[in-house]
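**Q** Going by the working numbering, the first residue of the sequence shown is number 32, and it counts up by one from there.
Where is the CB? At the ideal position from N, CA and C, for every residue including glycine.
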Amino acid sequence: MSSSKTIGVLTSGGDCAGLNAVIRAVVARAIQSYGWRVLGLKQGTHGLLRRPVDFAVLDLQSANPAMARMAGTILGTTNRGDPFAYPMPDGTLKDRSEEVIEGVRLIGLDALIGIGGDGSMAILRRLAQQGDIPFIGIPKTIDNDVGATESSVGYHTAVMVATEAIDRLQPTAASHDRVMILEVMGRDNGQIALAAGIAGGADVILVPEIPYSIDVVAAHINKLRQSAHNFAIVVVAEAVRDNTGAHVQRQHMAGNATYGGIGHVLGEALARTTGAETRVTVLGHVQRGGQPTWDDRLVASAFGVHAVDLVAEGKFDRMVAWQNRRVVDVPLTAAFEPAQLGASDDTLVHTARGLGICLGDR
Ligand code: F6P
């Protein structure tokens, strides 16, 4: 590819720690190794809908090593406003995909690198196919639910934050003989809950993939309370259902809903069934902030460099992925393969059971 090429990079979906490290790696590789121009598109596809198109020229000064330490995304992002069904002020949904594609043409992009989760990746791929845009995807999400990659950018930091929360809850739980419930994020995936619960030494971990019985959890806690260990730490993933089988959700003014609140439901149920004093912590968006951990920065850097190399090779409709300690690339459609926790042979599930952690089912 000649030095006159211009590539675009955007972040899409919920933010997480490590996005700036990806952007920095894309810029460093594209400029230093290939002499390309890099445009950072603002707020996902929203920037491409604005006229003039909203972007910033990224140089080595703006995308420097210090930036790799910062959480959030310097480009901004959005998890609203699918261009194929864009919410208009009059309440209708409009297909604005051609405007996005026109935006790509207006700024003369030779290729687009999109950093997103599975939902964003599906939208960006559809745009790329419709507009014949050479596209590469980079997986990011604290939920770690993108297919074909062992790790998505942001996951390790979220697990670290949740683990630290357990570390801090443990002494106060022990001091007051309380049952502490920690609700963590993860959407329909229990990986943050399981990984942090194992690392932090939780007594009970509840995940959406494994149906639980409150009686089983209460019996486990009662057994603990009869021993010298007169307190308990319970980690619950936000998408775990209540005793009616329903998700606990919060409805937002914008009309959308997110999971949240199962911790309080569980806290009350456990106070009733065990007689223990319970307290609930809902960790929320702190899991997406803070400095990225070293491994998120590493994966982010490897992903950014490899994505630019794919553009140089002319290999498109690919997603970079982390497999067996290496960065690889896979067909973009692999992003949509299920990445749920496996059954009993899943390493996280098996390890938790091996440590005697109650998963609520037996
Ligand atoms: O997908 C990432 C995530 O943080 C989920 O874990 C959580 O359910 C959701 O996003 C929260 O979305 P929002 O940022 O819209 O509150």
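Can we say the region 352-371 touches the region 206-218, given the rule of at least three CB pairs closer than 8 Å?
**A** no
**Q** Quick one: is residue 329 near chain C, going by C-beta distance under 8 Å?
**A** In the structure shown, chain C does not exist; there is a single protein chain.
**Q** Is it the case that the Cβ atoms of residue 294 and residue 317 are separated by a distance below 8 Å?
**A** no
**Q** Under 6 Å Cβ to Cβ from residue 32, same chain only, skipping five residues before and after it: list those, please.
**A** Note that residue 32 scores 45 on pLDDT, short of 50, meaning its location in the model is unreliable; the coordinates nonetheless yield the value given after this. Once the five neighbours on either side are set aside, the close Cβ partners of residue 32 are 343.
**Q** Quick check: the Cα distance between residue 251 and residue 393, rounded to an integer number of angstroms?
**A** 9 Å
**Q** Taking 7 Å as the cut-off, does the CB of residue 173 come closer than this to any heavy atom belonging to the ligand F6P?
**A** yes
**Q** Given the structure, does residue 269 come close to the ligand F6P, in the sense that its CB is under 7 Å from one of the ligand's heavy atoms?
**A** The ligand F6P has a heavy atom closer than 7 Å to the beta-carbon of residue 269.
**Q** In chain order, what residues of the same chain lie with their CB nearer than 6 Å to the CB of residue 352, ignoring the 5 residues before and after it?
**A** 179, 180, 359 and 361
**Q** In terms of residue numbering, what span does the beta strand (DSSP E) encompassing residue 130 cover?
**A** Careful: residue 130 lies outside any beta strand (DSSP E), inside the alpha helix (DSSP H) at 128-137.
**Q** With a threshold of 7 Å, establish whether the CB of residue 309 neighbours any heavy atom of the ligand F6P.
**A** no
**Q** Going by Cα to Cα distance, which pick from 183, 146, 53 and 42 is closest to residue 335?
**A** 53
**Q** Within 7 Å: the Cβ of residue 100 and any heavy atom of the ligand F6P?
**A** no
**Q** Since I believe residue 185 is in contact with residue 48 (beta carbons under 8 Å), could you give me their beta-carbon distance rounded to a whole number of angstroms?
**A** Contact between residue 48 and residue 185 holds: their C-beta atoms lie close to 5 Å from each other, under 8 Å.
**Q** With a cut-off of 8 Å on the beta carbons, I'd call residue 98 and residue 51 a contact; round off their distance for me.
**A** 5 Å
**Q** Distance check for residue 163 and residue 292, CA to CA, integer angstroms please.
**A** 43 Å
**Q** Check whether the Cβ atoms of residue 405 and residue 131 lie closer than 8 Å to each other.
**A** With the chain covering 32 to 393 only, the question about residue 405 has no answer from this structure.
**Q** With distances taken from CA atoms, which of 38, 126, 123 and 385 is nearest residue 234?
**A** 385
**Q** Within 10 angstroms of the Cβ of residue 242, are there 16 or more other Cβ atoms? Answer buried if so, exposed if not.
**A** exposed
**Q** For a minimum of 4 consecutive residues, which ranges assigned as the alpha helix (DSSP H) are wholly contained in the region 290-328?
**A** Unbroken alpha helix (DSSP H) runs of no fewer than 4 residues, entirely contained in the region 290-328, are found at 293-305, following chain order.
**Q** Can you tell me the Cβ-Cβ gap for residue 262 and residue 204, rounded? I've got them flagged as a contact below 8 Å.
**A** 4 Å
**Q** Would a C-beta distance cut-off of 8 Å place residue 232 and residue 201 closer than the cut-off?
**A** yes
**Q** Could you spell out where the alpha helix (DSSP H) holding residue 222 opens and where it closes?
**A** 222-231
**Q** Rank 79, 55, 149 and 226 by C-alpha distance to the C-alpha of residue 363 and give the top, closest one.
**A** 149
**Q** Answer yes or no: the CB of residue 292 versus the heavy atoms of the ligand F6P, is any distance below 7 Å?
**A** Flag unset: Cβ of residue 292 not near the ligand F6P.
**Q** Consult DSSP for residue 360 and reduce its assignment to one of helix, strand or coil.
**A** strand
**Q** For residue 186, which of helix, strand or coil comes out of DSSP?
**A** helix
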